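Numbering (mature numbering (1 follows the signal peptide of the UniProt record, and there is no 0)), first residue to last: -42 to -1, 1 to 282.
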């Protein structure tokens, strides 16, 4: 079935306003709208939606429902604890309001890490430090999770830069034997042009995080993701494939305007599955940021972590917003 042509590009600020993100200029909203896949049962954690993510961005950057219960012990059905890594300029409180409780409700031990915080992060804006330094943070966090849970391996789910950090750790720091599944949500695998990330940064002015194009140079984690950066060249200097061992899944959207072109997100190697959302749900127009609140993305992620069928078809409803 044909994919419809993209509509003329409008400003990101206008799209944000239309989707409801501009709640009192991205200030704290009094309404905590709990979205997700439906009404949660009494024994389950409710899933957060778009408005909850906005609130959490400021009010709960370091905590999200379902994650970081250090007493959690994996079950035989789900032996690998899942580690969640947010995207550039994001944090776990906002990025995983839907996925973290979904995983917890499905019996997983869930852990989430804010990485790349610097003096400019205001305790909420992640991914600013260099990716190689963030990979060191990830290594320490994985060891802590494995020690606490007794698990031999972990699963890693990363959004955007959160998908690149573990690839460096896997390829360059010997992390492959510690990983059972890797899922990248629009990962900046092979780098991107800088314009999309600068535009994304600029929109955070609405959240009280003043960036501006001139300040982006202060964020090595942003610059590392350029297609021609030293980081990108070094990441693939030893070959264009990922190490054997983990099962790799990439979930991309054709409407991505941050990690561009979206085809640059794909990985190569054994046990790699690259999925474009519109090949599953052709009318899902979710953008790069909106993947965090996209039902097909949630279902594909759980299918990958659970070793589900290769041709798995998610339900085509509950699409995330078309945010860059």
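Idealized CB from N, CA, C, for every residue including glycine.
What you are looking at is a predicted structure, and each value in this text was computed from that prediction instead of being measured.
- Message: Only counting the same chain, and skipping five residues up and downstream in sequence, which positions put a Cβ closer than 7 Å to that of residue 111?
- Response: Excluding positions up to five away in sequence, the list reads 38, 136, 137 and 138.
- Message: Tell me the rounded alpha-carbon separation between residue 280 and residue 251.
- Response: Straight-line spacing of the CA atoms in residue 280 and residue 251 works out to 10 Å.
- Outcome for residue 259 when other beta-carbon atoms lying within 10 angstroms are tallied against a minimum of 16: Residue 259 counts as buried, since at least 16 other C-beta atoms from the protein chains shown sit within 10 angstroms of its C-beta.
- Task: Give the range of the beta strand (DSSP E) segment to which residue 232 is assigned.
- Result: DSSP places residue 232 in the uninterrupted beta strand (DSSP E) bounded by 230 to 234.
- Item | Cα-Cα separation, residue 180 to residue 83 | Spanning the two alpha carbons is a distance of roughly 12 Å.
- Decide if residue 126 is buried, meaning its Cβ has at least 16 other Cβ atoms within 10 Å, or exposed. It is buried - the Cβ of residue 126 has at least 16 other Cβ atoms within 10 Å.
- Task: Count the other CB atoms, across all protein chains shown, that sit within 10 Å of the CB of residue 219; report buried if there are 16 or more and exposed otherwise.
- Result: Residue 219 is exposed by the Cβ-count criterion.
- Query: Within 10 angstroms of its Cβ, does residue 172 collect 16 or more other Cβ (buried), or is it exposed?
  - Reply: Model confidence at residue 172 stands at a pLDDT of 41, short of 50, so the residue's coordinates are unreliable and nothing is read from them.
- Item | residue 29 classed as buried or exposed, judged by whether at least 16 other C-beta atoms fall within 10 angstroms | Label assigned to residue 29: exposed.
- Query: In chain order, what residues of the same chain have a beta carbon less than 7 Å from the beta carbon of residue 228, not counting five sequence neighbours either side?
  - Reply: Counting only Cβ-Cβ distances below 7 Å, and skipping sequence neighbours, we find 202.
- Sort 256, 244 and 207 by Cα distance to residue 233 and report the nearest one. Ranking 256, 244 and 207 by CA distance to the CA of residue 233 puts 207 first.
- Based on the DSSP secondary-structure assignment, which residues constitute the bridge partners of residue 184? Answer is 150, bridged to residue 184.
- Within the same chain, show all residues whose beta-carbon is closer than 8 Å to that of residue 239, passing over the 5 residues directly before and after it, in chain order. Taken in chain order, the residues that qualify are 254, 272, 274 and 277.
- Query: Helix, strand or coil: how does DSSP classify residue 208 here?
  - Reply: The DSSP-derived three-state label of residue 208 is strand.
- So, are the CB atoms of residue 211 and residue 268 less than 8 Å apart? Going by C-beta atoms, residue 211 is not nearer than 8 Å to residue 268.
- Query: Terminal residues of the continuous alpha helix (DSSP H) containing residue 42?
  - Reply: No alpha helix (DSSP H) contains residue 42, which is instead part of the beta strand (DSSP E) from 40 to 43.
- Message: Would residue 234 pass as an interface residue toward chain D - the criterion being a Cβ-Cβ separation below 8 Å?
- Response: Of the protein chains in this structure there is only one, and it is not chain D.
- Would you mind reading off the limits of the beta strand (DSSP E) that contains residue 217? According to the DSSP assignment, residue 217 belongs to no beta strand (DSSP E), since it is labelled neither H nor E.
- Alpha-carbon spacing of residue 40 relative to residue 115, whole angstroms: Straight through space, the alpha carbons of residue 115 and residue 40 are spaced by roughly 7 Å.
- Item | Those residues which DSSP pairs with residue 106 across a bridge | Paired residue(s): none; residue 106 is not in a bridge.
- Message: Please report the straight-line C-alpha distance between residue 108 and residue 241, rounded to a whole angstrom.
- Response: Rounded to whole angstroms, residue 108 to residue 241 spans 43 Å at the Cα level.
- Local Cβ density within 10 Å of residue 133, reported as buried at 16 or more and exposed below that: When all chains shown are included, residue 133 counts as buried.
- Run through DSSP, which three-state label would residue 195 get? In this structure, residue 195 counts as coil in the three-state DSSP scheme.
- Of the listed residues 27, 88 and 142, nearest to residue 102 (C-alpha basis): Per the C-alpha coordinates, the member of 27, 88 and 142 positioned closest to residue 102 is 27.
- Item | Minimum length 4: unbroken alpha helix (DSSP H) runs contained in the stretch 24 to 92 | Look at the stretch 24 to 92 and you find these whole runs of alpha helix (DSSP H), each 4 residues long or longer: 50 to 53 and 57 to 63.
- Check residue 172 in the structure and name its three-state DSSP category. At residue 172, the pLDDT of 41 sits below 50, so the modelled position is not reliable; the number obtained from the coordinates is stated separately. Look at residue 172 here: in three-state DSSP terms it is helix.
- Message: Once DSSP output is grouped into helix, strand and coil, what is the label at residue 142?
- Response: Note: residue 142 maps to strand in three-state DSSP.
- Query: Around the C-beta of residue 81, are 16 or more other C-beta atoms found within 10 angstroms, so that it is buried, or is it exposed?
  - Reply: By the neighbour-count criterion, in which a residue is buried when 16 or more other Cβ atoms sit within 10 angstroms of its Cβ, residue 81 is exposed.
- When 262, 231 and 177 are compared against residue 47, the one with the closest alpha-carbon: Nearest C-alpha to residue 47: 177.
- Sequence-distant residues of its chain with Cβ nearer than 7 Å to residue 53 (five each side left out): Same-chain partners within the cutoff: 44, 45, 117 and 250.
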